[in-house]
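Residue numbers (the working numbering): 7 to 413.
Beta carbons are placed, not taken as given, at the ideal position from N, Cα and C, and that holds for glycine.
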C-alpha cells in the first residue's frame, strides 16, 4: 500500500510541479507579431558577471537584442563576456560600479555616445553578506549602498536616455519578497515608519531615504534589534523594501508620460536561486530565476501597460483583481495578461510547444498591489488524454491605501 505524503511533502511536490510547468512555458517562442524589439534594441544589465544577472544577459541576447553586460570588476566582467562570445552571443562589456555616481554617469555618457540611448535597463546588481543561519548587520551600509542607492543611481542617470518608442522603454529592478511591505514575517514593526511607505499618496523619495537612514542610525548605535525591523536578513530586507517602494514611486512619476515616450518600470523577485549570494542553497537555477525579469523586459506593448509599477513575484499566477480600500480601487490597474499568445488563440485552445506535451497556460504573475486571488491552471495532453492540473493559491496583499483602510 502506497504511503500518503504528509503536508510538507505535498507542498514540496506542488512546488516541483509548478516549477516544471513554468519550465514548459519557457520553451514557447515569442510570436512574431508580439516582438517589438530587434537587434537595434539596446539593453543594459548591472551585476551581470555571474548568477542571475549573467543569465538575464544571456536570455536577452538569445532574443537578438544588443546587450551591455556590466560588472564592478573588470576582470570578472570580461571573463563573463568571453563565455558568452564563445557560445556565439556577441555581448558588450562595460565596467560599472553602481555605488559610484561618477562611474554611473560615465557609463550613461558612454551609452549615449555609442548607442544614442537605451531601451531596456535591468538593475540586478546586489549584495548580501548573511548566510541562511545568520542575521548580521555588519555590512549594512554596503548592502544599502549597492542594493538601494545603486539602483536609484542607475534609474536617475539612465531614465533621461530611455529612447521613445511605440512599445515603451522598460526598467526592471530585481528585488526580493523579503522587501514586501505587507510580508508577515518581514514587516516593519514601527507603524510610524511603515505607514508612509504603504500609502502611494504620501510616498516620496525623502520618506524612503528617511526610513533607510533611521535603520542605519540604529545599526550604528546598536539599537536596531529592538527597532521593529524585519527579523530575517535585516539589512538586505530593508534594502529591497526601499527598492520596492522606490519602484512604486517612479511608476507613479512616469505614468503621465505621453504615448510614444512611455517608460514602464517594475520590480520582481527571482525566487530562492542557487547562486553565490545564497551560498548555493537555493531551490531553483539561475536560468529559472532570470525568467521573470526577462519576461517583464519583453512584454508586448499591448500588455505591459496593464502591469505597470507592481511587485512581480513570479510568472506563475493568474490575477483576479478585487477592489480594496473600503470598496474602491486605489492601486495601479492590473489585469490578467498573457506573456505569450498565438494570433488566433482563444480560451480553451492548447498552445503547441517544442516538447512532446501540449501546454495551454493561463498563467500570469502574482502581483503585489491588490487584494487578489492567484491561480495556476495548466492543461497537459498525455497519451491522447487531457489531464487538467489545477493549483489555486489565495494571496492577500495590500499596498498603498490612498487614505482608505486596507487589511
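**Asked** Can you tell me the Cα-Cα spacing of residue 304 and residue 25, whole angstroms?
**Response** Going by the C-alpha atoms only, they are around 21 Å apart.
**Message:** Measuring only the C-alpha atoms, how far is residue 212 from residue 247?
**Reply:** When rounded, the distance between both Cα atoms is 14 Å.
**Asked** Helix, strand or coil: which one does DSSP assign to residue 77?
**Response** In the structure shown, residue 77 sits in a strand (DSSP, three-state: E or B).
**Reduced DSSP category for residue 213 - H, G, I as helix; E, B as strand; rest coil** = For residue 213, the secondary structure class from DSSP, reduced to helix, strand or coil, is helix.
**Inter-stretch contact at 8 Å, needing at least 3 Cβ pairs: the stretch 109-126 / the stretch 86-97** = Cβ pair count under 8 Å is below three, so no.
**Request:** Pick out whichever of 201, 169 and 182 has its Cα sitting closest to the Cα of residue 249.
**Result:** Here the closest residue by C-alpha is 182.
**Message:** Going by C-alpha to C-alpha distance, which of 67, 209 and 39 sits closest to residue 51?
**Reply:** For residue 51, the nearest C-alpha among the options comes from 67.
**Asked** Which whole-angstrom value is the C-beta distance of residue 269 and residue 175, which I expect to be below 8 Å?
**Response** Indeed they touch by this definition, with Cβ atoms about 5 Å apart.
**Message:** Looking only at its chain, what residues have a beta carbon closer than 8 Å to the beta carbon of residue 299, apart from the 5 residues adjacent to it on each side?
**Reply:** If you ignore the 5 residues before and after residue 299, its C-beta comes within less than 8 Å of the C-beta of 58, 62, 128, 130, 178, 180, 274 and 276, all in its own chain and listed in chain order.
**Request:** Just confirm the distance between the C-beta atoms of residue 100 and residue 126, as a whole number of angstroms; I'd bet it's less than 8 Å.
**Result:** Contact flag wrong, Cβ pair sits at about 15 Å.
**Asked** Is residue 325 helix, strand or coil when you go by DSSP?
**Response** Residue placement at residue 325 is flagged as unreliable, the pLDDT there being 31, under the threshold of 50; a coordinate-derived value is accordingly withheld.
**Message:** Looking only at its chain, what residues have a beta carbon closer than 6 Å to the beta carbon of residue 244, apart from the 5 residues adjacent to it on each side?
**Reply:** In chain order, 221 place their CB closer than 6 Å to the CB of residue 244, counting only its own chain and leaving out the 5 sequence neighbours on each side.
**Item:** Nearest-angstrom Cα separation, counted from residue 232 out to residue 160
**Value:** Cα to Cα, residue 160 sits roughly 33 Å from residue 232.
**Request:** Taking the CB atoms as reference points, tell me whether residue 80 and residue 102 lie closer together than 7 Å.
**Result:** Going by C-beta atoms, residue 80 is not nearer than 7 Å to residue 102.
**Request:** Could you tell me how far apart the beta carbons of residue 142 and residue 134 are, in whole angstroms, since I believe they sit closer than 8 Å?
**Result:** So it is not a contact: roughly 11 Å between Cβ atoms.
**Message:** Considering only the alpha carbon of each residue, which of 18, 203, 164 and 121 lies closest to residue 109?
**Reply:** Here the closest residue by C-alpha is 164.
**Item:** Exposed unless 16 or more other CB atoms sit within 10 angstroms - verdict on residue 228
**Value:** The residue is exposed, with fewer than 16 neighbouring Cβ atoms inside 10 Å.
**Request:** Using beta-carbon positions only, say whether residue 150 and residue 218 come within less than 7 Å of one another.
**Result:** Less than 7 Å separates the beta-carbon of residue 150 from that of residue 218.
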